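**Student:**
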Amino acid sequence: MKFYSTRSREHQAASMEAVLKGIAPDGGLYTPLDFDSMQVDLGDLLGRNAVEISTLVIGKILDDFAPEEMRALIEAAYDGKFETEDLTPVEKVGDDFVLELFRGPTSAFKDVALSVLPRLIVASREKLGVSEEIAILTATSGDTGKAALEGFHDVAGTRIVVFYPDGGVSDVQKAQMVTQEGGNVRVCAVRGNFDDAQTGVKDIFADDGRSGWAAKSGARLSSANSINIGRLAPQVAYYFKAYCDLVLRGEITLGDEVNFVVPTGNFGDILAGEFARRMGLPVAKLVCASNANNVLTDFIRTGVYDRRREFYKTSSPSMDILVSSNLERYLFLASGGDFDLVAGLMDDLRSRGVYTAPESLMDIMREHFAAGCADDARALEAIGRVWREYEYLMDPHTAVGWAVMEDFKAREDNGCVNVVLSTASPYKFCRDVLSAISDEDPADGFDAMDRLHAATGVPVPERLARLRGLPVRFADCVEKDAMLEYVKDAVRRDA
Ligand SMILES: *Cc1c(COP(=O)(O)O)cnc(C)c1O
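Position one of the sequence shown corresponds to residue 4 (the numbering used here), numbered consecutively onward.
Given below as structure tokens:
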């Protein structure tokens, strides 16, 4: 499989190289164009377990790993790490379904991919005979950081630096990151929002691309953000797995189309759904759900992507994003691989903060995508109502998806089964969840955790419960202009 940079014909890579580089030298994102060789036989998947389905689906996308090698890698990646053998169970809630992606070690859906990515990177490094250490740079809106730290800590031949927006993550998320163990990890707050942190990381890559300072320190930069194709591939698997579960339970028959409602930030999770669709999964609509930062809702409806707007801090911080990186990959796919178009649009976004996609492209997008948004009030209302009606406890990100699903059904019910992707445990955001189901006023995130458990009886994920006793290892906080120096220092000093 050939992966193309979305921005120019010159930069192409096979999957191992794409995984190692993370981002193409021209700033584009490695993306496949030809899905013919990636078609999945659904009948063949039925009855297989989660690890087998993942092996098969990821192997179709990253096809220069040998099948046995991929199987061993996936088995080791998930072995004993998730609360359930099933990895990503589907729950029926009322007439609809919730795909629980948060049963992994850090209680967010990013564990599904970040359990696998470090192993893909290490295997690629060995196969390609790369001697430099792989330095992973990651900007996080809260969940990626911890999931990446968990995946990479003490992995030989790698080190990892995580930047998070100061004051932009929940108490529990912050505690998860600043207590991280491991000799090859660094965690640092940035004064700014997530977009500042993400732009800062992209600029560091670009700076290294120009001057090559990392290589001089014996390192090679790579990314654990969803711009890495090795992050995207494992996420495609759970769409197939969920579909098979629905068939096996008799909720649908093989071939029926399904709607997936996806709480969206960087457009990675929902893009994995588009990959699944292009690989043969019967998908009716991918419903893009946003919070008050509804730049994607506007884009899908109008074709104008305009980031020049107020940035809201919401109770679903992992979706507080105005520049959705992976949308670039979708523009590339929907335009049939039009490098110049994508490069032009990304240039407009960078220089003017806005671009307009061609109407022909938007027509293609609207065939397969719908969009909606729900603000904090609606999301919290949904948490309370769904708890009272079904005794099902959602986190605020999942609740945005739920509310958007309700609007979608009211607006254009296409008669298909609806699956809402649930992206985090309610205990990662227990303050807001508690306030949604009661009028208690907790002292902090951990007090809220206890009270939420007392009020609902829903078990607290063990590793979240243990957090409060752990020592804080990282208190660094830098201005965004100082991120480059921070990384250079980490790479040099710890090398
Ligand atoms: C990262 C994240 C999202 C958004 O996923 P994208 O792939 O960035 O669209 C949604 N919910 C939670 C809890 C997340 O951690």
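From the three backbone atoms N, C-alpha and C, an ideal C-beta is built for every residue, glycine too. Predicted model, so just to flag it, every value in this text is computed and none were measured.
Mind pulling the beta strand (DSSP E) runs of 3 or more residues that sit fully within the stretch 267-296?
**Tutor:** Here the runs fully enclosed are 286-293.
**Student:** May I have the straight-line CA-CA distance separating THR34 from SER328, to the nearest angstrom?
**Tutor:** Rounded to the nearest angstrom, the two C-alpha atoms are 13 Å apart.
**Student:** Less than 7 Å between the C-beta atoms of GLY229 and ILE139, yes or no?
**Tutor:** One detail in the question is off: residue 229 reads as Ser in this sequence, not Gly. No, Cβ-Cβ distance for SER229 and ILE139 is not below 7 Å.
**Student:** Inspect the beta-carbon positions of GLY253 and PRO285 and report whether they are closer than 7 Å.
**Tutor:** Taking 7 Å as the Cβ cut-off, GLY253 and PRO285 do not qualify as a contacting pair.
**Student:** Give a yes or no on contact between the stretch 170-186 and the stretch 208-219, applying the rule of three or more CB pairs nearer than 8 Å.
**Tutor:** No: the two stretches stay apart, fewer than three of their Cβ pairs being nearer than 8 Å.
**Student:** Buried or exposed, going by whether 16 or more other CB atoms sit within 10 Å of the CB of VAL22?
**Tutor:** VAL22 comes out buried.
**Student:** As a quick check of your reading: which residues have a C-beta less than 5 Å from at least one non-hydrogen atom of ligand 1, in chain order?
**Tutor:** Selection output, chain order preserved: ALA111, ASP146, PRO266, THR267, GLY268, ASN269, GLY271, ASP272, SER321, HIS400, THR426 and ALA427.
**Student:** Starting from ASP341 and walking both ways along the alpha helix (DSSP H), at which residues does that stretch end?
**Tutor:** Unbroken run through ASP341: none, as it is neither H nor E.
**Student:** I want to know whether the stretch 151-159 touches the stretch 117-125 - three or more CB-CB distances under 8 Å.
**Tutor:** Contact between the stretch 151-159 and the stretch 117-125 is present, because at least three Cβ pairs lie under 8 Å.
**Student:** In whole angstroms, what separates the C-alpha of VAL357 from that of ALA373?
**Tutor:** If I take the Cα positions, the gap works out to 21 Å.
**Student:** Take the Cβ of CYS480 as the centre, count every other Cβ of all protein chains shown within 10 Å, and call the residue buried at 16 or more, exposed below.
**Tutor:** Its Cβ having fewer than 16 others within 10 Å, CYS480 is exposed.
**Student:** What does the alpha-carbon distance come out to for the pair ASP114 and ARG355?
**Tutor:** In a straight line, the C-alpha of ASP114 is about 35 Å away from that of ARG355.
**Student:** Taking 8 Å as the threshold, find out whether the stretch 400-412 comes into contact with the stretch 423-431 through three or more Cβ pairs.
**Tutor:** Touching, yes, given that three or more Cβ pairs across the two stretches are closer than 8 Å.
**Student:** Look at the Cβ atom of ALA279, then the Cβ atom of VAL239, and state whether they are nearer than 7 Å.
**Tutor:** Closer than 7 Å, so yes.
**Student:** Which class does THR161 belong to by DSSP, given the choice of helix, strand or coil?
**Tutor:** Of the three classes helix, strand and coil, the one that applies to THR161 here is strand, per DSSP.
**Student:** Which residues in the same chain as GLU287 place their Cβ atom closer than 7 Å to its Cβ, once the five residues preceding and following it in sequence are excluded?
**Tutor:** According to the sequence shown, residue 287 is Ala rather than Glu. Cβ neighbours of ALA287 beyond the five flanking positions: GLU260, VAL261, ASN262, ASN417 and CYS419.
**Student:** For ALA498, count neighbouring Cβ atoms within 10 angstroms of its own Cβ and tell me buried if that reaches 16, exposed if not.
**Tutor:** Residue placement at ALA498 cannot be trusted, given a pLDDT of 48 that sits under 50; what the coordinates show is reported in the next sentence. With fewer than 16 other Cβ atoms within 10 Å, it is exposed.
**Student:** Are the beta-carbon atoms of LYS431 and SER110 separated by less than 7 Å?
**Tutor:** Result yes, Cβ atoms of LYS431 and SER110 sit closer than 7 Å.
**Student:** Nearest to PHE449 by CA position, among SER441, TYR308 and ASP435, is which residue?
**Tutor:** Nearest option by C-alpha distance: ASP435.
**Student:** What residues match up with THR91 in a beta bridge as DSSP calls it?
**Tutor:** Paired residues: none, contrary to the question.
**Student:** Please list the terminal residues of the continuous alpha helix (DSSP H) segment that includes ILE232.
**Tutor:** Residues 232-251.
**Student:** Suppose you measure from the CA of ASP410 to the CA of VAL290; what does that come to, to the nearest Å?
**Tutor:** Spanning the two alpha carbons is a distance of roughly 11 Å.
**Student:** Grouping DSSP H, G and I as helix and E and B as strand, with all else coil, what is PHE15?
**Tutor:** Reading off the sequence, residue 15 comes out as Gln, not Phe. Three-state DSSP puts GLN15 in a strand.
**Student:** Taking all protein chains shown into account, decide if ASN196 is buried (16 or more other Cβ within 10 angstroms of its Cβ) or exposed.
**Tutor:** It counts as buried.
**Student:** Could you check where the beta strand (DSSP E) with ASP479 kicks off and where it finishes?
**Tutor:** 479-482 is the extent of the beta strand (DSSP E) around ASP479.
**Student:** Could you check the C-alpha separation between ALA192 and GLY46 for me, to the nearest Å?
**Tutor:** So the two alpha carbons sit approximately 47 Å from each other.
**Student:** Let's test the definition: count the other Cβ atoms within 10 Å of the Cβ of VAL164 and tell me whether it reaches 16, buried, or not, exposed.
**Tutor:** It counts as buried.
**Student:** Suppose contacts are defined by Cβ-Cβ distances below 7 Å. Is LEU470 in contact with ARG454 by that definition?
**Tutor:** No, the pair does not count as a contact, with Cβ atoms beyond the cut-off.
**Student:** Counting only the same chain and skipping the five closest in sequence on each side, list residues whose C-beta sits under 7 Å from that of HIS14.
**Tutor:** Result list for HIS14: SER8, ALA27, PRO28, ASP29 and GLY31, in chain order.
**Student:** Less than 6 Å between C-beta atoms, sequence neighbours within five positions excluded: which residues of the same chain meet that for VAL307?
**Tutor:** Cβ within range, chain order: THR359.
**Student:** When the Cα of GLU392 is compared with those of GLY97, VAL463 and GLU86, which residue comes out closest?
**Tutor:** Minimum Cα distance to GLU392 is reached at GLY97.
**Student:** What are the boundary residues of the alpha helix (DSSP H) that includes ASP37?
**Tutor:** Taken as a continuous stretch (DSSP letters only), ASP37 belongs to no alpha helix (DSSP H), as it is neither H nor E.
**Student:** DSSP three-state call for GLU136: helix, strand or coil?
**Tutor:** GLU136 falls in the strand class under three-state DSSP.
**Student:** Between the C-alpha atoms of TYR81 and PRO462, what's the straight-line distance to the nearest angstrom?
**Tutor:** So the alpha carbons of these two residues sit roughly 22 Å apart.
**Student:** Determine the burial state of GLN176: buried for a count of at least 16 other Cβ atoms within 10 Å of its Cβ, exposed for fewer.
**Tutor:** Result: buried.
**Student:** Counting only the same chain and skipping the five closest in sequence on each side, list residues whose C-beta sits under 7 Å from that of ASN297.
**Tutor:** Taken in chain order, the residues that qualify are CYS376.
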